[in-house]
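Everything on this sheet refers to the single structure shown next.
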Amino acid sequence: MSEENKLLPWEDKNWLEEMYAWLRISLAKHDLEISEKPLLVRSAPWSVVYCVPTTQGKYYFKALCPALGYEPPLTRQLSLWQPDLIQPVIEIEPGRGWMLMPDGGTTLRQVLENDSSLNYWKKILPVYARFQQAMIPHQQELLRLGVHDRRLQMLPGLAQQLAADRDAMCIGQPDGLSPAEYESLVGVLPKIQTLCDMLAQFNIPETLQHDDFHDGNIFVLQNDYRFFDWAESFIAHPFFTLVVTMRSIAYRFELAENAPELLELEDLYLREWQEYTSLDQLHKALDLAMTLGRINRALTWHMVVSSLPEPHRSKEADAVPGWLQLFLEKIMLYV
2 MSEENKLLPW EDKNWLEEMY AWLRISLAKH DLEISEKPLL VRSAPWSVVY CVPTTQGKYY
62 FKALCPALGY EPPLTRQLSL WQPDLIQPVI EIEPGRGWML MPDGGTTLRQ VLENDSSLNY
122 WKKILPVYAR FQQAMIPHQQ ELLRLGVHDR RLQMLPGLAQ QLAADRDAMC IGQPDGLSPA
182 EYESLVGVLP KIQTLCDMLA QFNIPETLQH DDFHDGNIFV LQNDYRFFDW AESFIAHPFF
242 TLVVTMRSIA YRFELAENAP ELLELEDLYL REWQEYTSLD QLHKALDLAM TLGRINRALT
302 WHMVVSSLPE PHRSKEADAV PGWLQLFLEK IMLYV
């Protein structure tokens with residue numbers, strides 16, 4: 002099939018029928034039946050989600066593009082290791098990137114619409130840090146599940162490969178890098194190795210890192226929380242998570258980048274890592290991670306976008322240079 006004629010998996014004419022058949026078989030294993038037609042609740046080029054009404058409540062079916070197909074086995078394993086923190090998975094189809102989960106309830110985003118308080122994040126961030134620490138011994142198992150390796154030793158080489166993909170840079174295009182920005186990116190590539198070496202010297206263990214950890218991917222259950230949507234997660238420096246998390250919180254609460262409220266949240270998260278070094282050193286490590294985490298985020302988008310067929314690839318292409326521009330803003334402070 003030519004590049005122009007490639008389809009997303011769920012655009013195939015037989016896909017819906019195959020999904021329904023799999024749902025019926027999967028639910029029957031748990032003495033459940035479909036009670037109403039499944040309803041599409043979210044559609045993106047990288048995944049689709051259906052609400053599946055059953056005889057015993059709602060379940061949710063998710064299908065992922067091949068580049069993110071490791072999420073179902075990863076999520077199932079995480080839910081076995083940390084059942085109180087990770088939304089359970091009742092069935093998966095690993096070869097197709099399919100998973101079936103019970104209704105998780107209300108997301109933090111929905112809660113914040115009626116109760117716009119940072120107190121939720123004050124509780125969540127320390128819990129998330131402790132979860133990351135619990136995953137440290139499972140690093141090799143996570144890699145075997147298909148989680149990508151973004152450890153500091155890998156990051157400089159991955160950044161060089163990314164910069165070499167000039168098409169992904171969209172050089173000279175309205176939403177791409179300017180020629181000058183591209184030259185700056187190439188020029189700072191050696192500095193990435195230096196910053197990775199500096200960050201590694203703090204001896205903070207690398208572990209599972211949720212690269213899209215925001216209020217839309219957290220369920221609120223009375224006073225407890227469950228984390229989900231692990232499609233964009235890596236073995237990397239744990240602090241990389243805060244790149245997206247802090248930007249999301251700042252946007253939601255209309256806070257400046259260095260607002261005292263954000264600094265307090267960062268402090269609450271970092272205090273959970275004092276086993277490894279002092280709080281002052283942890284803040285220095287975070288500053289490096291917030292720079293390198295932006296190149297990590299660009300790599301994440303490149304991984305997804307480069308796997309998409311047209312026209313989806315072109316429509317999402319601006320995400321890669323967009324994150325590289327944010328990376329250049331930060332790294333210039335070290336040049």
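First residue of the sequence shown: 2, per my numbering; consecutive thereafter. Using N, Cα and C, we set each Cβ at its ideal position, and we do this for glycine too. Values in this document were obtained by computation on a predicted structure and should not be read as measured data.
Cβ pair count under 8 Å reaching 3, the stretch 293-308 against the stretch 262-280: At 8 Å Cβ cutoff, the stretches do not touch.
Provide the residue span of the beta strand (DSSP E) that contains residue 211, from first to last. Where residue 211 is concerned, the enclosing beta strand (DSSP E) stretches over 208-211.
Just to confirm my understanding: we take residue 211, look at its own chain, exclude 5 residues before and 5 after, and list those with CB closer than 6 Å. What are they? For residue 211, where only same-chain residues beyond five positions count, the Cβ hits under 6 Å are 234, 242.
Quick check: what's the CA-CA separation for residue 38 versus residue 69? Their backbone Cα atoms lie some 26 Å apart in a straight line.
Of all the alpha helix (DSSP H) runs that stay within the bounds of the stretch 259-309, which reach a length of 4 or more residues? Here the runs fully enclosed are 261-272, 280-306.
Three-way DSSP call (helix, strand, coil) for residue 234 in this model: Correct three-state label for residue 234: strand.
Looking only at DSSP bridge pairs, what is residue 150 linked to? Answer is 236.
To the nearest whole angstrom, what separates the beta carbons of residue 62 and residue 101, a pair I think is in contact under 8 Å? About 5 Å; that satisfies the 8 Å criterion.
Whole alpha helix (DSSP H) runs in the stretch 112-198 with 4 or more residues, listed along the chain? The stretch 112-198 contains these whole alpha helix (DSSP H) runs: 120-136, 140-145, 156-165, 167-170.
By a C-beta neighbour count over all protein chains shown, 10 Å radius and 16 as the cutoff for buried, is residue 195 buried or exposed? By the neighbour-count criterion, in which a residue is buried when 16 or more other Cβ atoms sit within 10 angstroms of its Cβ, residue 195 is exposed.
What residue ranges within the stretch 36-60 form continuous beta strand (DSSP E) runs of no fewer than 3 residues, ordered along the chain? Taking only runs of at least 3 residues, the beta strand (DSSP E) segments lying wholly in the stretch 36-60 are 40-45, 48-55.
Following the continuous beta strand (DSSP E) through residue 228, name the residue where it begins and the one where it ends. Run containing residue 228: 225-228, per the beta strand (DSSP E) assignment.
Apart from the five residues just before and just after residue 2, which ones in its own chain have a Cβ nearer than 6 Å to its Cβ? Unreliable positioning characterises residue 2 in this predicted model, as indicated by a pLDDT of 43, which lies under 50. A coordinate reading is not provided.
Which of the three DSSP states, helix, strand or coil, is assigned to residue 5? Caution applies to residue 5, whose pLDDT of 49 falls short of 50 and renders its modelled position unreliable; the value that the coordinates give is listed next. Helix.
Suppose the cutoff is 6 Å on Cβ atoms and the five residues either side in sequence are ignored; what does the same chain contact list for residue 99 look like? These residues qualify, in order along the chain: 64.
Label residue 5 either buried or exposed according to how many other C-beta atoms from any shown protein chain fall within 10 Å of its C-beta, with 16 as the threshold for buried. Summary for residue 5: the model assigns pLDDT 49, below 50, so the residue's position carries little reliability; its value from the coordinates is reported in the next sentence. In this structure residue 5 is exposed. Its beta-carbon is surrounded by fewer than 16 other beta-carbon atoms within 10 angstroms.
Just confirm the distance between the C-beta atoms of residue 164 and residue 186, as a whole number of angstroms; I'd bet it's less than 8 Å. Contact between residue 164 and residue 186 is confirmed by a C-beta separation of about 6 Å, below the 8 Å threshold.
Take residue 76 as the anchor and find which of 257, 232, 32 has the nearest alpha-carbon. Closest option to residue 76, judged by alpha-carbon separation, among 257, 232, 32: 232.
Helix, strand or coil at residue 17 according to DSSP, with G and I counted as helix: Three-state DSSP puts residue 17 in a helix.
Could you tell me the distance, in whole angstroms, from the CA atom of residue 325 to the CA atom of residue 136? Whole-angstrom Cα-Cα distance: 29 Å.
Using only alpha-carbon positions, find the residue among 320, 289, 227 that is nearest to residue 79. Among 320, 289, 227, the Cα nearest to that of residue 79 is on 227.
I need the boundaries of the alpha helix (DSSP H) containing residue 72, first residue and last residue. Unbroken alpha helix (DSSP H) run through residue 72: 72-82.
Can you find the residues in the same chain that come closer than 8 Å, C-beta to C-beta, to residue 254, ignoring five residues on each side of it along the sequence? Sequence-distant partners of residue 254 (beyond 5 residues in either direction) whose C-beta falls short of 8 Å from its own C-beta, in its chain, are 117, 119, 262.
Taking the alpha-carbon of residue 53 as reference, which of 41, 282, 45 has the nearest alpha-carbon? For residue 53, the closest C-alpha among the options 41, 282, 45 is that of 41.
Suppose contacts are defined by Cβ-Cβ distances below 8 Å. Is residue 207 in contact with residue 172 by that definition? No, Cβ-Cβ distance for residue 207 and residue 172 is not below 8 Å.
Rounded separation between residue 121 and residue 230 - CA only: Taking the Cα positions, residue 121 is about 19 Å away from residue 230.
Using CA atoms only, rank isn't needed, just tell me which of 16, 91, 55, 14 is closest to residue 34. Answer by Cα proximity: 55.
Alpha-carbon to alpha-carbon, residue 183 and residue 331: Here the alpha carbons of residue 183 and residue 331 stand approximately 15 Å from one another.
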